[in-house]
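In UniProt numbering, the protein residues as written are 1 to 1239.
This report refers to the structure that appears directly beneath it.
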């Protein structure tokens, strides 16, 4: 046993240690808080109602015992009546769900009727209890009115009694209206009536049920009063009580006073007072037939109409219950003495001021200013309260008064702002959208709720509503979190104020009453003893006796306590104080005379009565906050569901969804609302809280939960979409050239930089409370945004695959935009690494992956499009498409959303800018290819291109050597002159023409593709070198750099030269590979002979001379519409020949024995002749000019090859010796051959 205890003790120590370690970790979220405070368990420090119905008044000796009992009975009925309001408001017809089947046998029909009766019985029991309850309420009101109307009892009338009557009448009014609008009641009762008639004889209590059914039928469908049966029955019953109108007039005047002086804090209190006015006037107004006793409420002198009319004009529409609204004038028009001419004076036509009162945009500036002024003071006060140590002393009591006033001001602001929201909402419900507006919007709708909600709010009104909701919820959140800190100050303040009044403020009137031997001393002493907290629980009996007027104000000494009065104490205290200073109350007339209470005493009591109004609300801190910030009415639509006969509306008609959608989709520069998205969702939390805690209806919570499940997915999608769109647009506009952007900016709105939106606020939320669940919004948004990156890159790849190579610039720029967008969003969201995303989309990694999609497409474009169809220009280093090329392209894929990669606005701007680079392939495109493929893809691309060159050469040279055997020997003798040489050339070419041999489609095209490939590789190498050099220069300023001395400068230059010499390894390696390939081709096709016959055509330089000679002659034909060889094949043809001749070591031979050069030299050495030969298809002048241009191209490329190509070793070196005769017209010189290495 001892061992078990010791083990448990050790385990407890371990738990304590571990818990202490856990306490060291902070679980506080660092992101901004944009949602109202939510807790898993709600705790209220004081209930808003008295659960014991003021039974503790027995221990408090006052003259208000009878009134307290009557008030407690009426408030108990009010609490019970709230259950009936919940039942009626959420009543759904069961009879509609019960099937009606006619083709049944008697036995089956009886069984169906019996089951229907069992199903409908609970519904009818609810209606029966409701009917009995309203009868008890009317009886209680009649009894109270009868007691109050008696003279000797009427002297004790108090505001509390009147408030209880107002509450009960307002309750009956709500029940009456709900009974009238709920057609489900009569539907279920009609079905129950039919079933009961069938089963009456078989039921044991059938007769009693029939009698109850008859009574219910009169209650639901009364032939005398089809509407407002309860209030009409009450009015008829009140007529039998003499002087009842006097009591009702007093109640009416008190309610008007409370409204004018703002003596209410809760929303329901305000609207209850306003709703009571037309009902009280209807009850006061007499019938027209009885002219002697009838009271005309509109002409009675005891009723001041001016304040009533101002209230009616200010509040023509008042919220009643959920989405039910009450129109004040409609109730007043039921009065017997109502005249239609009085409609304007009672608010019949709403003027601009009234419309502005119900318009949120007109009140937005005021609410915003109040919020901006109050929130800093509240934050500062809460910081002080949380920082300083609380002490129970007089100094703290003074500060507690400041804290209490600050909190109560917050309650009043919440009440004012929430009233503005609800009043505007109910104004929209009672003033639906006009048909003209629907027509202007090209919409068709006759749905009442859709006209009242969906089309009745402008975008500005929705934005203002969202902003006001965020102000309400943000203030509520701050006050809720501060409750634990401010609660001691509030209770200390309330206790201190009550003791100051009871133990100090009442001393002067007690002194006068004792001195003058007045009987009023007993009520004053009872008032004093009701709430006083004496030191050591001993009441001082001589303090007021020895008081002197010269002592002035009495500062009582009492113990500072953090405790407030009970609910009964506070209510009795305020009732007795008001009864003493109110001149209309007879209690003051009975006990006091004008000499007993002086003006200062009356002012003190009036001040305390007004000041103590906040005590019950401060003590009920949680209840007050919940009531004043509840916006659940914005979701509830039970009245309109009953009106339209539908089970539930579509989500597009939900105001909460409309607000959330507006926050995301309609962003305005003057009103950024994106951070208010979660405050808007708190509307669902309020509605769910009401469904469970107030209405106690699970099916309502299920409907709310179903809508939230649907709407939250939509919100996450919309937030993700707009967040991605915003950052993509912002990054995309950065990549628009500044001059181009400036030119487009005046005329193109899409060129504007997007306004700053605080999207980082909602996407940083990790603990979002929705319907009691904690949701990681950051994770959900990251998941959606991550998918958008995959979709965007896949779209870029598909678009590239459907385009030519010139659009690689668009692809590379789009990839850069996506990468920078990923970098920005990665600061807020947990995204996949960009390398992983682009590698996955490019399909470059996998067990069967050879190369990525981008590499394969670029390679395919080069081999099948650029090299065959483009002509290379060595001077501009560009590939230009030939006019003969006509290549079908695939259609570009459609993006899955408008802002794919660039976002729609900057996309068009960037496309316009990149159109300048789509007619050619140049260095900018090669740089984009390098950036796209990276260091891994370039070697693979080069290897594939070299393999392509090898295949082309193998196929072409075999064909070329086969047809070149038909060429006759060429005579170099210059004695024939240019005319003979040209004729000989024409004869040679004519032989090929007659033989049907055309070198252009096969040989020229093949060598063009080979040359284009080699030029592309060389340009690729040059760009790589330049990019590497640029990187080194950019990094130079970030490295440690010292100015070199003369001794170290040479070594530095040498090392730099060696470093940059290695940067051209790509072109050098490719040319070396071509050199090896050339050797193999030489072995296969060139005869091994050490003596070259210059007249023969079997050597490659001879072959290439013939090809070069025939190149370009097609441009001199008579048909000038054909494309010239230079335009069709470009410089790629010359590059291919130059590379092969260079690696075969025949450069000098080519220079010496080139046919075109020989003809040019013959022409140059000929004595100038005025006769220009133009015969057949040739023009000597044009020919010489063309071949001289070709010679320049050869010289340029041979020079480049000498620089870039590595040294090659040949087994022979040709040396040309001077001719034996100086006659230039002699034959061919001898050639001696000896092995020697050359370059």
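Built from N, CA and C at the ideal position, the CB exists for glycine as well.
As the structure is a prediction and not an experimental result, all values here were calculated from the model.
Helix, strand or coil at residue i [DSSP, three-state]
{"i": "residue 956", "result": "helix"}
{"i": "residue 321", "result": "strand"}
{"i": "residue 1239", "result": "With a pLDDT of only 35 at residue 1239, under the threshold of 50, the placement of this residue in the model should not be trusted, and no figure is reported."}
{"i": "residue 1111", "result": "coil"}
{"i": "residue 528", "result": "helix"}
{"i": "residue 949", "result": "helix"}
{"i": "residue 769", "result": "strand"}
{"i": "residue 664", "result": "helix"}
{"i": "residue 591", "result": "Any reading at residue 591 is ruled out, since the residue's pLDDT is 48, under 50, leaving its predicted position unreliable."}
{"i": "residue 880", "result": "strand"}
{"i": "residue 490", "result": "helix"}
{"i": "residue 298", "result": "coil"}
{"i": "residue 1005", "result": "helix"}
{"i": "residue 899", "result": "For residue 899, the pLDDT reaches just 49, beneath the cut-off of 50, and the residue's location in the model is therefore unreliable, although a value from the coordinates is still provided. It is coil, neither helix nor strand."}
{"i": "residue 545", "result": "coil"}
{"i": "residue 447", "result": "coil"}
{"i": "residue 112", "result": "helix"}
{"i": "residue 348", "result": "coil"}
{"i": "residue 635", "result": "coil"}
{"i": "residue 433", "result": "coil"}
Under 8 Å between C-beta atoms of residue i and residue j
{"i": "residue 82", "j": "residue 136", "result": "no"}
{"i": "residue 315", "j": "residue 324", "result": "no"}
{"i": "residue 411", "j": "residue 628", "result": "yes"}
{"i": "residue 1306", "j": "residue 1125", "result": "Nothing in the structure corresponds to residue 1306, since the chain is present only between 1 and 1239."}
{"i": "residue 491", "j": "residue 563", "result": "yes"}
{"i": "residue 382", "j": "residue 237", "result": "no"}
{"i": "residue 185", "j": "residue 220", "result": "yes"}
{"i": "residue 91", "j": "residue 196", "result": "no"}
{"i": "residue 433", "j": "residue 399", "result": "no"}
{"i": "residue 1071", "j": "residue 1010", "result": "no"}
{"i": "residue 303", "j": "residue 259", "result": "no"}
{"i": "residue 611", "j": "residue 654", "result": "no"}
{"i": "residue 335", "j": "residue 282", "result": "yes"}
Inter-residue Cα distance where the pair is residue i and residue j
{"i": "residue 392", "j": "residue 484", "result": "16 Å"}
{"i": "residue 829", "j": "residue 844", "result": "26 Å"}
{"i": "residue 764", "j": "residue 813", "result": "29 Å"}
{"i": "residue 686", "j": "residue 557", "result": "45 Å"}
{"i": "residue 641", "j": "residue 649", "result": "8 Å"}
{"i": "residue 696", "j": "residue 709", "result": "21 Å"}
{"i": "residue 600", "j": "residue 626", "result": "38 Å"}
{"i": "residue 75", "j": "residue 766", "result": "45 Å"}
{"i": "residue 805", "j": "residue 715", "result": "40 Å"}
{"i": "residue 211", "j": "residue 202", "result": "16 Å"}
{"i": "residue 318", "j": "residue 356", "result": "15 Å"}
{"i": "residue 783", "j": "residue 831", "result": "8 Å"}
{"i": "residue 530", "j": "residue 774", "result": "48 Å"}
{"i": "residue 144", "j": "residue 68", "result": "12 Å"}
Residue i - partner residues in DSSP beta bridges
{"i": "residue 1130", "result": "872"}
{"i": "residue 326", "result": "318"}
{"i": "residue 920", "result": "880"}
{"i": "residue 775", "result": "768"}
Taking contact to mean at least 3 C-beta pairs separated by less than 8 Å, is the region 123-139 in contact with the region 206-219? The way I'd put it, the region 123-139 does touch the region 206-219; three or more beta-carbon pairs between them come closer than 8 Å.
Touch check for the region 162-170 and the region 242-257: three-plus C-beta pairs under 8 Å? These segments touch.
Stretch-stretch touch, CB-based, cutoff 8 Å, three pairs: the region 374-389 with the region 453-467: Taking a cut-off of 8 Å for Cβ pairs, the region 374-389 and the region 453-467 do not touch, as fewer than three such pairs fall below it.
Would you check if there are 3 or more beta carbon pairs closer than 8 Å linking the region 860-878 to the region 917-926? Touching, yes.
Taking contact to mean at least 3 C-beta pairs separated by less than 8 Å, is the region 1134-1142 in contact with the region 1188-1202? By the Cβ test, the region 1134-1142 is in contact with the region 1188-1202, since at least three Cβ pairs between them sit closer than 8 Å.
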